[in-house]
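S.K.:
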Amino acid sequence: EGLPANGLARSEVRGAARPWPANGWSPRFSFHKCHAEMAAPYDPFLRGTQAPEGFGRYARWFTRGYDVYVPSEHAVSHMYFGNPQKYRYTVLHREEAIRRVKTMLQIYPGGDAGEDAQANMGIYGLGRRRTLDQLIDYTGFDVRRQMIVTDKCAARSWVPYDPKISPLEPMYGRPSDPDPEPEYWRREELGLNLPWSSTRPAEPWEGKGGGDSLRNYFPMRGLPLPRRAGATVGMRTQDLRDNLVLVEILVGMWVLGLVVWMVLVVNGRTRGVRARGQMRRQRAVKSEEKEDLISSKNSGKNA
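Note that full-length UniProt numbering has the sequence shown beginning at 1, numbered continuously upward.
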């Protein structure tokens, strides 16, 4: 399929004095900053791509300024026995997922070469803090040519980035031809756990107070302020306000249908009552006419 697998992710570096930077990532054994999960959440559209999705998510984290590490010694382990839940996916699901990963990693043929396709991936695409070329040089794996250039298992240097760029900012801006139904969930608030710990070093945009949140940075970049500590933080699905007009139309149609139904039912019952009353009156008139006829006949006979 021409995609990197989880085998690129080293499991451990024995004897190291501290965690070692990794050139890949596996969901079975993951060490990184916790808010990386919010900045580059799992892509729910990658169905049936267990191995390729690992490097794809690693690429998203790397280009958004996050690094993945491997420990010097394992304290826990993970044992995988295939598919215990018997989860099923179609061949079409897998083909679409492979095409999606190749589009993000700019692997052609196989992926979509248009920047609009990249932009429509939104938060599930690459970030702007680091480039794809830096990822190739850092990992030693040329995703475009689908080959390992150099083995970067050791002697890896940290790749700097501009901290003024938000980790949520995508590599490609707004698409010129946006998908009417983009394949990502829109969010209005930054999904990072903030404020951060006061023990971390201050970022350049924060001034001297490293324990403060990014409140000075957000307005400058046009981003909303983070939620208060302890608040529920997470990714929102489609905001109801985006579909408010559609909801109002549906509710209006439902009310109109209910009114029409009530009018029809009431009118039908009223017509039925009127018809039954008219039939009773007709029968009563016929009965009286019949009695009058019988009475007149009897009177004639008696005469």
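Cβ coordinates follow ideal geometry from the N, Cα and C atoms, glycine included. In this text the structure is predicted, and so the values were computed from the model without any measurement.
#1: Below 7 Å CB to CB, which residues in the same chain sit around Y58 once its five sequence neighbours on both sides are set aside?
#2: My assumption, with CB atoms under 8 Å, is that A40 sits in contact with R14. Please give the rounded CB distance.
#3: Using alpha carbons as the reference points, say which of L46, Y138, L3, G277 lies closest to G110.
#4: By alpha-carbon positions, which one of G114, V263, R271, T150 ends up nearest to Y172?
#5: If you count every other CB in all the chains shown that lies within 10 Å of the CB of P170, and 16 or more means buried, which is it?
#6: DSSP on G15, reduced to helix/strand/coil?
#7: Would you grab the beta carbon distance between L132 and Q106 for me? Rounded to a whole angstrom, and I think it's under 8 Å.
#8: Please list, in chain order, all residues of the same chain as D43 whose beta carbon is under 6 Å from its beta carbon, the five residues on each side excluded.
#9: Measure the C-alpha to C-alpha separation of R130 and A17 and round it to an integer number of angstroms.
#10: Between the C-alpha atoms of R144 and F55, what's the straight-line distance to the nearest angstrom?
#11: Can you give the Cα-Cα distance for L293 and V255, rounded to whole angstroms?
#12: Just the C-alpha distance for T49 and H32, rounded to the nearest angstrom, thanks.
#13: Going by DSSP, what residues sit across from I148 in a beta bridge?
#14: CB-CB under 6 Å to A117, same chain, minus the five flanking residues each way: which ones, in chain order?
#15: Determine, using beta carbons only, whether A36 and V70 come nearer to each other than 7 Å.
M.R.: The answer reads as follows:
#1: For Y58, the CB contacts under 7 Å within the same chain, skipping 5 residues up- and downstream, are G24, W25, V68 in chain order.
#2: Their Cβ separation, rounded to whole angstroms, is 29 Å, which puts A40 and R14 out of contact at 8 Å.
#3: L3
#4: G114
#5: So P170 ends up on the buried side.
#6: Judged by DSSP in its simplified three-state form, G15 adopts coil rather than helix or strand.
#7: 6 Å
#8: Y124
#9: 27 Å
#10: 14 Å
#11: 56 Å
#12: For T49 and H32, the distance between alpha carbons rounds to 22 Å.
#13: F141
#14: T103
#15: no
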